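Novice:
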Amino acid sequence: MEALKKEKQPHVSIQKTMSGAQAVVQSLIKEGVDLIFGYPGGAIMPVYDALYDVEDELKHILVRHEQGATHAAQGYARASGKVGVCIATSGPGATNLITGIADAQIDSTPMVCITGQVASGLLGTDAFQETDVIGISMPVTKWNYQVTRAEEIPDALAKAFYIARSGKPGPVLVDITKDAQFGNLTFNYNPFKGMRSYVPRPRLDILKVKAAAALINNAKRPLVLFGQGIILSEAESEFKTFIEKAELPSAWTIMGLSALDTDHYLNVGMLGMHGNYAPNKLTNECDVLIAIGMRFDDRITGDLSRYATQAKVIHLEIDPAEVDKNVKTDVAILGDAKESLLALTECIEPNQHKAWLDEFRKLEFEEYEGVIKEELNPSVDELSMGEVIRSINDQTAGDAIVVTDVGQHQMVTCRYAQFKNSTKSMITSGGLGTMGFCLPAAIGAKMAKPQKQVIAIIGDGGFQMTLQELGTIFQTKIPVKIVVLNNEFLGMVRQWQELFFEKRYASTTMVNPDFQQIVAGYGIETKKVTERKALNDAVGKMLTHEGAFFLEVRVAKENNVFPMVPTGASVSEIRLK
Amino acid sequence: MKKRYTISVFTEDMVGLLNRVTIVFTRRKINIESIAASDSEVQNIHRYTIVINETEDLVKKVTLQLEKQVEVIKAVYHLDEEIIYQEIALFKVPTNILMQGGEAEHIVRSHHARVLSVESEFTVIEKTGHKEETQHLFDELAPFGILEFVRSGRVAITKPMRTLTSIVNELENTYK
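Keeping their order, the protein sequence lines are chains H and R. All residue numbers for the first sequence refer to this note's numbering, where the first residue is -13 and numbers rise by one. All residue numbers for the second sequence refer to this note's numbering, where the first residue is 6 and numbers rise by one.
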């Protein structure tokens, strides 16, 4: 194997002697990285010094907290499809990355984190700012590695990028001791080609594809569930061809949102706890369930013992460990979603399911009458979160990257935001539910897609978890649009307290400062809306404003997000109120 | 139904990998009954032999999550009847109990245990066998006084004839 590696290289780089720190920077450039997010400190200073020389090629964004660096890198990765990179020092710098790494792990976001570490001679001695970040990050990284010698750096980073972006993507962490950064090496960069212990793309089994096609061809009431796998494998058009060929109603997880136009006639809406009425109800009435690039999270399935037990289940999935993990499948097609969908589409017959689609339409009408109408056009004076999203939809025509935080506003945004020809445009913390995700993620997303409108929608709770990143916006002048839906409550927890804890509102009321003043201090244009008649104009002003903009909307304090599948209930027990 | 399963994990040689492997169990709060790490017949491939008491459904999921780790080459699980397995136990006993002639010596003999070392104060006895067998010897020697006892993790050889080399060859062809 070693012999093979050395035999032939696709591009022979000119060998050059340099420091480990310079090798870090040159390796990033070789991987095509032009933007990284980070925060300096003692143990990573040599790398920062090397960055100083390559500012034109490799831009560094100084965040205000290392957690912000990870979320910004995630936002960048999710909007661009490329690997997000962040960098931090040892000790607290490294531990501050952990939340974002865990978020990237559960949401399969490709990310490379580089941390400085104390000199190798000090490892294990409780040195100043020493922490065992390899040990700490092990459960939440796809891979991690500690470099203690300068000459290891190019290969370690090449492997890190390969692992982060291939197969089911995820975060990796490379910890580099200070002496390795100072040490010298002959730089020779060889992109990583693969390893025997890691099969990123399982080989497609055509027999499984045919078995799945047979089930789909005989289905009277098929239902497709799609997740982020479509987006990660860039299979949006293959997916659309697939569902259109056999007229398959398709519902999404919030990680899959924006992969299919929200107004597509086969898009039957959002799955899960606060998803749409029809797909949840009909999950328990379909005869064939076709899950694509999703992992049956408990927020999607509700009570597993009463989840689609009547249906034959087909699962298209890249990660063998996800198959049968939560829901038992009848046919599993392992592989990349794009490749699997191309093969499957060829094997299925054109079909129509008009009567079945009509069942969705009936339930959609019930949900519209029972929930949506009032949410989007409230009959009361107080503003709803939904009408703010509607106003944004009206003025962006579904062509914007929408980033959310976590909580009620997240569910409302996912439910009502519209997307048209705009994939990779819903950036949200799905699996981990990380409050504070939004603001830094929006910064990263805007840097990935500067030509796109990027709108951050945040609650008043989550905003205050990472609002220091306003400083990053101020310094970089990155024109993100920030919408804070302020209900002066930790709304989702309050909703649960109302419904399941006898309205005992323990620690969910927020006594908030004057956000207008705070944001104005960062030199960002602000606007506050408390009345309906001012909403559309304010949204319009925000969208047309050239720089960053902060729009605070005072919304009803005690609105609830419905429909809802209560914890422990079956998806078909979804409540409209 | 919970049963005793032996999981063999074949890995690349890398610092910290054992930690990654055990995390897969600890995060589900699965108790590892025994664990042994060693070389395998293929150079640079290590194997861990891990024994747990769980349902097959869970063992299957855990095995897939083990294989998901980047540097894990292969993970397989077996019931006791599908493997040949062995453990080793060492007993430190006072030498004088063996010198009194009679029962303790008879016990050691009847268990086909080996005397590894005789010092004036203590003797070290080795017994290789299944846990039940080493435990049986322990129970019988206990009344005489055991100064120290240790039992190794299980090591196991699988009965199916698929060789590690053929698995590795196949994997090496996949990515090349």
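We treat Cβ as the ideally placed atom computed from N, Cα and C, and that holds for glycine. Only a predicted model underlies this, so the values are computations on that prediction, with no experimental measurement involved.
Residues of chain R with a CB under 9 Å from the CB of residue 121 (chain H): which are they?
Specialist: Your numbering for residue 121 (chain H) matches position 135 in the first sequence. Those within 9 Å of residue 121 (chain H) in chain R are 21, 24.
Novice: If you draw a straight line from the C-alpha of residue 505 (chain H) to the C-alpha of residue 540 (chain H), how long is it?
Specialist: Position 519 of the first sequence, counted from the start, is the residue given in the question as residue 505 (chain H). Position 554 of the first sequence, counted from the start, is the residue given in the question as residue 540 (chain H). Roughly 16 Å separates the two Cα atoms.
Novice: At a CB-CB cut-off below 7 Å, which residues of chain H make contact with residue 32 (chain R)?
Specialist: Numbered from its first residue, the second sequence carries residue 32 (chain R) at position 27. Per Cβ cutoff of 7 Å: 125.
Novice: Where do the N-terminal and C-terminal ends of the alpha helix (DSSP H) with residue 119 (chain H) fall, by residue?
Specialist: One-based indexing of the first sequence puts residue 119 (chain H) at position 133. Here the alpha helix (DSSP H) through residue 119 (chain H) covers 119 to 123.
Novice: Near residue 547 (chain H), what residues of its chain come up, given a Cβ to Cβ distance below 7 Å and the 5 sequence neighbours on each side ignored?
Specialist: The sequence position of residue 547 (chain H) within the first sequence is 561, counting from 1. Excluding positions up to five away in sequence, the list reads 260, 394, 397, 398, 481.
Novice: Within its chain, find whatever has a CB closer than 6 Å to the CB of residue 86 (chain H); leave out the 5 residues flanking it on each side and keep chain order.
Specialist: In the first sequence, the residue the question calls residue 86 (chain H) occupies position 100. So the list reads 53, 56, 57, once near-sequence residues are dropped.
Novice: Can you confirm whether residue 62 (chain H), when its beta carbon is compared against all beta carbons of chain R, has any partner nearer than 8 Å?
Specialist: The count along the first sequence starts at 1 and reaches residue 62 (chain H) at position 76. No, its Cβ sits nowhere closer than 8 Å to a Cβ of chain R.
Novice: Is the shortest distance between the beta-carbon of residue 179 (chain R) and the beta-carbons of chain H less than 8 Å?
Specialist: Looking up residue 179 (chain R) in the second sequence gives position 174. Residue 179 (chain R) counts as touching chain H.
Novice: Could you pull the DSSP bridge partners for residue 185 (chain H) from this structure?
Specialist: Looking up residue 185 (chain H) in the first sequence gives position 199. Beta-bridge pairing links residue 185 (chain H) to no other residue.
Novice: Is it buried or exposed for residue 23 (chain H), if we count other Cβ within 10 angstroms and need 16 for buried?
Specialist: The residue you call residue 23 (chain H) lines up with position 37 of the first sequence. Residue 23 (chain H) should be labelled buried.
Novice: Can you pull the chain R residues whose beta carbon is under 8 Å from the beta carbon of residue 307 (chain H), in chain order?
Specialist: Residue 307 (chain H) sits at position 321 when you count from the first residue of the first sequence. Neighbours of residue 307 (chain H) on chain R, chain order: 66, 69, 70, 72, 73.
Novice: I'd like to know whether the C-beta of residue -8 (chain H) is nearer than 8 Å to at least one C-beta of chain R.
Specialist: Start at 1 with the first residue of the first sequence, and residue -8 (chain H) comes out as number 6. Residue placement at residue -8 (chain H) cannot be trusted, given a pLDDT of 46 that sits under 50; the coordinates are not used to answer.
Novice: Name the two residues that bound the continuous beta strand (DSSP E) containing residue 586 (chain H).
Specialist: Only positions -13 to 563 of chain H appear in the structure, and residue 586 (chain H) is not among them; the question remains open.
Novice: Sort H:495, H:469, H:152, H:16 by Cα distance to residue 478 (chain H) and report the nearest one.
Specialist: For the purposes of this step, residue 478 (chain H) is taken as the residue at position 492 of the first sequence. The candidate whose alpha carbon is nearest that of residue 478 (chain H) is H:495.
Novice: By Cβ distance below 8 Å, which residues in the same chain neighbour residue 100 (chain R) in space, the five residues on each side in sequence not counted?
Specialist: As a working mapping, residue 100 (chain R) is identified with position 95 in the second sequence. Once the five neighbours on either side are set aside, the close Cβ partners of residue 100 (chain R) are 123, 124, 125, 126, 127, 128.
Novice: Can you tell me whether residue 452 (chain H) is buried or exposed, with buried defined as 16 or more other CB within 10 angstroms of its CB?
Specialist: Within the first sequence, the letter at position 466 stands for residue 452 (chain H). By the 10 Å Cβ count, residue 452 (chain H) comes out buried.
Novice: In chain order, what residues of the same chain lie with their CB nearer than 6 Å to the CB of residue 434 (chain H), ignoring the 5 residues before and after it?
Specialist: Position 448 of the first sequence, counted from the start, is the residue given in the question as residue 434 (chain H). Taken in chain order, the residues that qualify are 62, 65, 66.
Novice: What residues of chain H sit near residue 12 (chain R), judged by a beta carbon separation below 9 Å?
Specialist: Within the second sequence, the letter at position 7 stands for residue 12 (chain R). Simply none; closest approach about 14 Å.
Novice: I want to see whether chain H comes within less than 8 Å of residue 57 (chain R), judged by CB atoms only; does it?
Specialist: As a position in the second sequence, residue 57 (chain R) is number 52, starting the count at 1. With 8 Å as the cut-off, residue 57 (chain R) does not count as an interface residue toward chain H.
Novice: Buried or exposed, going by whether 16 or more other CB atoms sit within 10 Å of the CB of residue 108 (chain R)?
Specialist: Taking the second sequence and counting its residues from 1, one reaches residue 108 (chain R) at position 103. By the C-beta density criterion, residue 108 (chain R) is exposed, having fewer than 16 other C-beta atoms within 10 angstroms.
Novice: Identify every residue that forms a DSSP beta bridge with residue 9 (chain R).
Specialist: Along the second sequence, one-based indexing puts residue 9 (chain R) at 4. Looking at the DSSP assignment, residue 9 (chain R) forms a beta bridge with R:58.
Novice: So that I know if they touch, is there some Cβ in chain R lying closer than 8 Å to that of residue -13 (chain H)?
Specialist: Here residue -13 (chain H) is taken as the residue at index 1 of the first sequence, counted from 1. For residue -13 (chain H), the pLDDT reaches just 41, beneath the cut-off of 50, and the residue's location in the model is therefore unreliable, leaving the point undetermined.
Novice: Write down the C-beta distance between residue 98 (chain H) and residue 150 (chain H) rounded to the nearest angstrom, noting that I regard them as a contact closer than 8 Å.
Specialist: In the first sequence, residue 98 (chain H) corresponds to position 112, counting from 1. In the first sequence, residue 150 (chain H) corresponds to position 164, counting from 1. 5 Å between Cβ atoms; contact.
Novice: I need the DSSP call for residue 322 (chain H), collapsed to helix, strand or coil.
Specialist: Here the question's residue 322 (chain H) lines up with position 336 in the first sequence. Under the three-state reduction of DSSP output, residue 322 (chain H) falls in the coil class, being neither helix nor strand.
Novice: Under a Cβ-count criterion, where at least 16 other Cβ atoms within 10 Å of its own Cβ denotes burial, should residue 227 (chain H) be classed as buried or exposed?
Specialist: The count along the first sequence starts at 1 and reaches residue 227 (chain H) at position 241. Classified as exposed, residue 227 (chain H) has fewer than 16 neighbouring CB atoms from the shown chains inside 10 Å of its CB.
Novice: So is residue 200 (chain H) buried or exposed if we call it buried at 16+ other beta carbons inside 10 Å?
Specialist: In the first sequence, counting from the first residue as 1, residue 200 (chain H) sits at position 214. Exposed, by the Cβ-count rule.
Novice: For the beta strand (DSSP E) holding residue 45 (chain R), just list the boundary residues, first then last.
Specialist: Position 40 of the second sequence, counting from 1, holds the residue named residue 45 (chain R). Note, residue 45 (chain R): premise wrong, no beta strand (DSSP E); not H, not E.
Novice: Taking 8 Å as the CB-CB limit, is residue 183 (chain H) close to chain R?
Specialist: Numbered from its first residue, the first sequence carries residue 183 (chain H) at position 197. Yes - at least one Cβ of chain R is within 8 Å of the one on residue 183 (chain H).
Novice: Measuring only the C-alpha atoms, how far is residue 368 (chain H) from residue 519 (chain H)?
Specialist: For the purposes of this step, residue 368 (chain H) is taken as the residue at position 382 of the first sequence. For the purposes of this step, residue 519 (chain H) is taken as the residue at position 533 of the first sequence. For residue 368 (chain H) and residue 519 (chain H), the distance between alpha carbons rounds to 11 Å.
Novice: Closer than 9 Å, Cβ to any Cβ of chain R: which residues of the segment 308 to 322 of chain H, in chain order?
Specialist: 308, 309, 310, 311
Novice: Can you give me the start and stop residues for the beta strand (DSSP E) that residue 277 (chain H) sits inside?
Specialist: Residue mapping note: residue 277 (chain H) aligns to position 291 of the first sequence, counting from 1. Note, residue 277 (chain H): beta strand (DSSP E), 274 to 278.
Novice: Pairing CB atoms from the segment 162 to 174 of chain R with CB atoms from the segment 41 to 55 of chain R, are three or more of them under 8 Å?
Specialist: yes
Novice: Any contact of the segment 159 to 170 of chain R with the segment 81 to 97 of chain R, i.e. 3+ C-beta pairs under 8 Å?
Specialist: yes
Novice: Taking the Cβ atom as the reference point for each residue, do residue 38 (chain R) and residue 57 (chain R) lie within a distance shorter than 8 Å?
Specialist: Along the second sequence, read from residue 1 onward, the residue named residue 38 (chain R) stands at position 33. Along the second sequence, read from residue 1 onward, the residue named residue 57 (chain R) stands at position 52. A contact, by the Cβ cut-off of 8 Å.
Novice: Take residue 402 (chain H) and list the residues in its own chain whose beta-carbon comes closer than 6 Å to its own, dropping the five residues that flank it on each side.
Specialist: Here the question's residue 402 (chain H) lines up with position 416 in the first sequence. Around residue 402 (chain H): 372, 375.
Novice: Verify whether the separation of the beta carbon atoms of residue 464 (chain H) and residue 429 (chain H) is less than 8 Å.
Specialist: As a first step, residue 464 (chain H) must be located in the first sequence, where it is residue number 478. As a first step, residue 429 (chain H) must be located in the first sequence, where it is residue number 443. Yes; because the gap between Cβ atoms is below 8 Å, this pair is in contact.
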